[in-house]
Each structure stands twice: as structure tokens, then as C-alpha cells.
Amino acid sequence: MELTLNQLKQYDGSDPSKPIYVAVKGRIFDVTTGNSFYGPGGSYAMFAGKDASRALAKMSKNDEDVIGSLDGLTDKEMGVLADWEKKFEAKYPVVGAIAG
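Take the sequence shown: its letter number 28 is residue 28 in full-length UniProt numbering, and every next letter is one higher.
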């Protein structure tokens with residue numbers, strides 16, 4: 001399955017009949033089993049329905065960082081992102097990719 005970033009937005013946990021998706025480095029993970037974290041009111045809810053790559057790399061919850069762009073990240077931040085990616089791979093199924 002391929003989704004645009006605009007299509008991904010509908011999987012933000014606001015509709016309980018839909019799964020919750022978070023993209024990391026262009027891959028879409030189904031994080032529904034972690035809905036206490038990614039669902040409405042969860043500590044990582046701002047990542048739901050979005051590509052959270054930059055925010056994860058920077059360990060940021062700022063809205064302006066919740067984007068897929070990796071431009072300008074340091075080697076250390078890229079390493080942090082790689083660690084997050086491994087955590088997602090171990091815990092959540094990959095269900096698709098960001099189109100484009």
C-alpha cells in the first residue's frame with residue numbers, strides 16, 4: 001500500500017474504526033497496538049497520521065519537526081533516528097510506504 005502524506009493524515013487515531021499509522025523514513029507502521037501512546041491524548045499522539053522521522057531524530061515533540069525531511073540532520077541525529085527505526089521494526093508491522 002502506498003499513501004500520500006495527505007492520505008496518511010486520516011490514520012491519526014481520531015476515527016476509532018481506522019488503524020493508527022506513523023511513518024518513519026518513508027515506511028508506514030501500524031502503531032494501533034500502541035494506541036495509549038499514539039492515540040488521542042497519548043504522549044506521542046502528535047506523530048499519528050504523519051511522517052515523524054525528523055521529530056524522532058531530534059527527540060522533539062514540536063509540530064514543526066513532525067515532518068519527513070531529513071535535510072540538515074547531524075550524524076548523531078541520524079543515529080538516533082536509526083535507533084527509533086529499529087524500535088518500530090521490532091514492535092509494529094510495516095503496512096506500506098509514503099507515495100512519491
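Where a beta carbon is used, it is the ideal one built from N, C-alpha and C, also for glycine.
Run of the beta strand (DSSP E) containing TYR21, from where it starts to where it stops: 21-24
Taking only the alpha-carbon atoms, compute the straight-line gap between GLU2 and LEU70 and give it to the nearest angstrom. 20 Å
For residue 101, name the three-state secondary structure that DSSP assigns. Because the chain is modelled from 1 through 100, residue 101 falls outside the range shown and cannot be assessed.
Using three-state DSSP, classify VAL95 as helix, strand or coil. strand
Return the CA-CA distance between ALA55 and THR74, expressed in angstroms with no decimal places. 13 Å
Select from TYR11, VAL24 and LYS18 the residue whose C-alpha is nearest the C-alpha of ASP65. VAL24
Those residues which DSSP pairs with LEU81 across a bridge: Answer is none; LEU81 lacks a bridge partner.
Tell me, which residues are paired with GLU2 by DSSP? ALA97
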